[in-house]
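Below: one structure, written as structure tokens.
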Amino acid sequence: MLHFYDPRKAEPSLNPDMDYGTPPSASETLVSLFIDGTGISVPEGTSVLRAAALAGINIPKLCASDNLEAFGSCRLCAVEIEGRRGYPASCTTPVTEGMAVTTQNGKLAKLRRNIMELYISDHPLDCLTCPANGNCELQDVAGAVGLREVRYGFEGENHLDAEVDDSNPYFSFDPGKCIVCSRCVRACGEVQGTFALTIDGRGFGSRVSAGQNDPFMDSECVSCGACVQACPTSTLMEKSVIEAGQPEHSVVTTCAYCGVGCSFKAEMKGDQLVRMVPYKGGEANHGHSCVKGRFAFGYATHKDRIREPMIRASINAPWEAVSWEEAIAFAAKKLKDTQARYGRESIGGITSSRCTNEETYLVQKLIRAAFGNNNTDTCARVCHSPTGFGLKTTLGESAGTQTFDSVMKADTILVIGANPTDAHPVFASQMRRRLRQGAKLIVIDPRRIDLLKTPHGSEGIHLPLRPGTNVAMVNSLAHVIVTEGLEDKAFIESRCEPKQYSEWREFIAGQRNSPEAMEVVTGVPAGLVRQAARAYGEAGNGAIYYGLGVTEHSQGSTMVMGIANLAMATGNIGREGVGVNPLRGQNNVQGSCDMGSFPHELPGYQHVGDPAVRARFQEVWGVVIDEEPGLRIPNMFDAAIAGSFKAMYLQGEDIAQSDPNTQHVEAALSALDCLIVQDIFLNETTKYAHVLLPGSTFLEKNGTFTNAERRINRVRKVMAPVAGLEDWEVTMALSNALGYPMDYKHPSEIMDEIARLTPTFTGVSYEKLDELGSIQWPCNEEHPDGTPTMHTLDFPISKGRFAVTGYVASEEKTNRRFPLLLTTGRILSQYNVGAQTRRTENSRWHHEDVLEIHPSDAELRGIREGDWLGVSSRVGQTVLRARISDRMLPGVVYTTFHHPGSGANVITTDSSDWATNCPEYKVTAVQVEKVSQPSVWQRHFEQFSKRQHKLLDPAARQAEATDVSALK
Amino acid sequence: MSDQQLQNLIKMINQISMNNLHHGEEHQAAEVVATHIKKFWARSMKQQIINYAESDGLELSPVSRLAVKRLAETQEA
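Taken in order, these protein sequences are the chains called A and B. Here the numbering used here is used: the first residue of the first sequence is 173, the next is one more, and so on. Here the numbering used here is used: the first residue of the second sequence is 538, the next is one more, and so on.
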């Protein structure tokens, strides 16, 4: 007899490519039954359809899918059960002890054929020219039931001429092929949680409708693709498949957008990517996706890709295309000359949170070993560096504590300064699933984020605080926990340092931290704060999720520690359903931090000042490592302007667009003698570069990414790099040219070196990744298969350390000149600086950044929707179009930074977190007024951009060269 | 070194001090600040702030001044 138990771990033989019909049951009680004479034991609550699939018997089905609850509408999965009357649908029938099921006999065959005959009587017979041909469940089932004729004819009333909706740029909706199985409608609700689709009408008139009979594009549809994937016909079909035909092979890889790190099957025709299909075996996404990962991959083959290495003498000179050898030799010579002239510390580099772990590791190794200094930093500086500092200080490890799945056991979900539905959409869908099951939601955010509007979720508590007052808020929450007896004394006593705890307790219990005292600071009524604190403190399982709204403040690190205090005080650490979870912005922010990108830390967060750590690295690397930390990104800029920092190697980060105070960044970049940029496009930073090294996309290389839950996932190459080299190969070539030899044949060898030197990675290898699918670090002798939940028994620093978190107001304050607070964020369809998504149809959803302003602030200034607004801060001015919105409080304005010409970062200041220099993007005092033309910066930007594009164009290059000789 | 660079360093250290004032009396707070700078600041930045404290130091907060003194001592040691 076959035995099956536990959904994921306990059905290890499950094949992610197979559909088992209905979702798994989590019951631990096993039930035994017989299906077509085969004995099988399955968890109580399993459907007969799933039990049969587990036994290797495939009952025909159309409306069932194992990512959706059973629906029982198509009736194709009918079976006979001994002792029961009729033909029950096996998808809606749970197994019972001793049940004897027959899945195939003459009566069932006839019944199924009759059902299919009815379906096909209202379905076109254009199989040969249909885009689903070769991958159509309807066709398969017709074949399986042996349908041979349709006695009803095709002349009767039908839906064959229903109008096609082509409004969505990525998929088409052809209702003429629809069988009204409702899988799309259910996927939109159950999987995605948007509920944009419905079945409109009744009986024969039933049809799938987006919104209230709107075209898909005008409806609430967020284009996640769940409906397209669920469709058993070609009703909902990717346009890329309609164009190219069915793919012929596929490779499992990891998405290169946000920190959720979804697994996808890249479905290919030769080296052409036809579509990305979310992979059910992916532990982060379980077969779900969002509009970016699922559809926005066209940038990889965009005409704007940099296809050849290029060099130039100055940023006003035209680019010259050269061979790889020439470009590398040019770059190496520049770096060596700079060091000879200005000293060892005059150069540095930046690693990328979009590149692989192996590539990031190699860049910091190049800097520490070949440059001979620690001037390495990464874009995490401007997003999650306070997470590293704050969590390491309190919990002993610079990472989130849970798996994403852990949220399914949370009773209260506390979201602080994060907007998951836009920035981490696939995880937001999982959160919403939990909210629909009844978990409570608390949101601390100046804006009313969409998570608060979760359909069928319980009502959330929203604490709309003033930007910059997070610490005051978290202290008030902790004050209530402590003074209302909501602490978990047993946890505190057994798991935390008593000295730090008593210091903290005395501090937090002080009256000045009470919600009543802090109300004047945060602007949130004390009663509401108390209600939220109780909801978190009294929850069985309270889970905290936070984003850049926590870290990107002058007290970002303090806030992270405040969050850890809150979790420790309530014992919400060390099991499923609880924890402290930073939501990482980019695909490999976690990895780039893990890999030693920060100037003070070698891989695995090991301080460069520790002689024992250095000794181990020196032995393997064969060089002396500087014992002093290097410069961080903002320090590099200051040093560049001061003239002591002269050259930089930058891999895959657009600091000229993403970093604050753009004019300051531009001044720093212009001051460099040599800027080497490795990127896939001519981004804003490359316009200041002297060497351009073509980068490769995630589709063009092998490696690993580490997502927000510490999960190391494989990235697999599906096409050749456009310029011939993967990014790690380019870094290697540069190192060799600088005289520090590197010789890796494959990224797996780099990972082997990482494993040798990083105590939390000792068990990681490509072999193990292939075997397990993914690994959550720490993975070592103690945790051979990785660590889904951290700190279960103790902390890496033995006991948890409470930290005193006094509130210090930001220096960025409003006054009469700058009376409003600007805060910045992201939107679903665009990703970060937009270099990738702006080059896809995603721009149809967001083609420009706008300034959201509250109706009362707008009225005061005579502003109407769509007006051009000049936004000025203490450091700069830009112009954006107005959107009137009451999502913010009066006095707060909001924008995104996805388009370079918007100049959102021209206005953000270089005010930063006290501990890590993470910029305070979330608080800028501004004034807003109506204007009639772009700002001075924008006009300059336009001109400069045009000129730089011209310098890249081969024809213009030629013309410029002629001009130059004419001048001589 | 530019004025801007020095101004930023002064702003940074005063901000670190401000966020560590809760560590009991001044000397204790200064010790925490000095340790922070030792752990996270680059060699050149440390030297610049030490030079400033020795030559002028007027814009340093009391805790910052103590911290730089402590830092200078450990650098020499």
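Where a beta carbon is used, it is the ideal one built from N, C-alpha and C, also for glycine. Note that this is a predicted model, so its numbers are computed, not measured.
One or two residues paired with residue i in a DSSP bridge
i	result
A1097 (chain A)	A:L993
Y717 (chain A)	A:V587, A:N753
E953 (chain A)	E953 (chain A) pairs with nothing; no bridge assigned.
C430 (chain A)	A:Q758
D338 (chain A)	Answer by DSSP bridge pairing: none, since D338 (chain A) is not bridged.
F206 (chain A)	A:G211, A:A272
N885 (chain A)	A:F877, A:S946
A438 (chain A)	A:V423, A:M448
Q850 (chain A)	A:Q823, A:L865
L369 (chain A)	A:A382
I1056 (chain A)	A:I1025
H634 (chain A)	A:V615
C551 (chain A)	Paired residue(s): none; C551 (chain A) is not in a bridge.
A261 (chain A)	A:A250
L266 (chain A)	It is worth fixing the name first, because residue 266 (chain A) is Pro in this sequence and not Leu. Looking at the DSSP assignment, P266 (chain A) forms a beta bridge with A:S219.
Alpha carbon of residue i to alpha carbon of residue j, nearest angstrom
i	j	result
P639 (chain A)	V1095 (chain A)	6 Å
P196 (chain A)	I212 (chain A)	15 Å
D189 (chain A)	K452 (chain A)	7 Å
R447 (chain A)	W496 (chain A)	32 Å
Q584 (chain B)	L658 (chain A)	48 Å
S598 (chain B)	N588 (chain B)	16 Å
E596 (chain B)	I547 (chain B)	7 Å
L534 (chain A)	S907 (chain A)	9 Å
L300 (chain A)	S381 (chain A)	27 Å
T1068 (chain A)	G228 (chain A)	51 Å
L205 (chain A)	C263 (chain A)	16 Å
E252 (chain A)	A242 (chain A)	18 Å
V894 (chain A)	A472 (chain A)	9 Å
S573 (chain A)	G749 (chain A)	Before going further, note that residue 573 (chain A) is Thr rather than Ser in the sequence given. One C-alpha to the other measures close to 10 Å.
G734 (chain A)	V1103 (chain A)	42 Å
C1090 (chain A)	N556 (chain B)	15 Å
P232 (chain A)	W793 (chain A)	59 Å
R247 (chain A)	T265 (chain A)	12 Å
E183 (chain A)	A225 (chain A)	For E183 (chain A), the predicted model reports a pLDDT of 48, less than 50, meaning its position is unreliable and no value from the coordinates is stated.
Within chain B, partners of residue i - CB distance below 8 Å
i	result
L803 (chain A)	A579, S581, M582
H779 (chain A)	K576
E517 (chain A)	A579, R580, S581
Proximal residues of chain A, C-beta to C-beta of residue i below 9 Å
i	result
I553 (chain B)	W1086, A1087
Contact set between residue i and chain A, taken where Cβ atoms lie within less than 8 Å
i	result
Q541 (chain B)	D810, I813, A814
Contact list for residue i against chain A, beta-carbon separation under 7 Å
i	result
H564 (chain B)	Within chain A, no residue comes near H564 (chain B); the closest Cβ sits about 17 Å away, beyond 7 Å.
N545 (chain B)	D810
Partner residues on chain B for residue i, Cβ-Cβ distance less than 7 Å
i	result
H772 (chain A)	K576, F577
V980 (chain A)	M555, N556
V976 (chain A)	H559
N807 (chain A)	A579, M582
E800 (chain A)	A579, R580
Residues that residue i contacts on chain B, provided the C-beta gap is smaller than 9 Å
i	result
T730 (chain A)	N556
F679 (chain A)	H559
F710 (chain A)	Before going further, note that residue 710 (chain A) is Glu rather than Phe in the sequence given. Those within 9 Å of E710 (chain A) in chain B number zero; the least Cβ separation is about 29 Å.
N685 (chain A)	Correct list: empty, because the minimum Cβ distance to chain B is about 12 Å.
Cβ-heavy atom distance, residue i to the ligand ATP, below 6 Å
i	result
Y471 (chain A)	The ligand content of the structure shown is nil, which means the ligand ATP is not present either.
Taking one C-beta from the stretch 301-309 of chain A and one from the stretch 325-343 of chain A each time, how about it: are there three or more such pairs within less than 8 Å?
Between the stretch 301-309 of chain A and the stretch 325-343 of chain A there are fewer than three inter-stretch CB-CB distances shorter than 8 Å, so the stretches are not counted as touching.
Note down, one range per segment and in chain order, each alpha helix (DSSP H) of at least 4 residues found wholly within the stretch 763-848 of chain A.
783-793, 805-814, 827-830, 834-842
Using 8 Å as the threshold, is the stretch 372-389 of chain A in touch with the stretch 339-357 of chain A, meaning 3 or more CB pairs across them?
yes
Does the stretch 760-771 of chain A touch the stretch 536-546 of chain A, meaning 3 or more C-beta pairs lie closer than 8 Å?
yes
Could you tell me whether the stretch 979-988 of chain A touches the stretch 897-905 of chain A, where touching means 3 or more Cβ pairs closer than 8 Å?
no
Ordered list of alpha helix (DSSP H) runs contained in the stretch 678-733 of chain A, each at least 4 residues:
Within the stretch 678-733 of chain A, the complete alpha helix (DSSP H) runs of at least 4 residues are 687-694, 698-709, 720-723.
Indicate whether the contact test is met: 3 or more Cβ pairs, each with one atom in the stretch 924-936 of chain A and one in the stretch 852-868 of chain A, closer than 8 Å.
no
Do the stretch 684-695 of chain A and the stretch 728-742 of chain A meet, that is, are 3 or more Cβ pairs less than 8 Å apart?
no
Whether or not the stretch 884-893 of chain A and the stretch 517-524 of chain A are in contact is what I'm after, with contact meaning three or more pairs of Cβ atoms, one per stretch, closer than 8 Å; do they touch?
no
Contact between the stretch 605-616 of chain A and the stretch 584-594 of chain A (3+ Cβ pairs under 8 Å)
Because the criterion of three Cβ pairs below 8 Å is met, the stretch 605-616 of chain A and the stretch 584-594 of chain A touch.
In chain order, which continuous runs of the alpha helix (DSSP H) of length 4 or greater are located wholly inside the stretch 651-680 of chain A?
661-667
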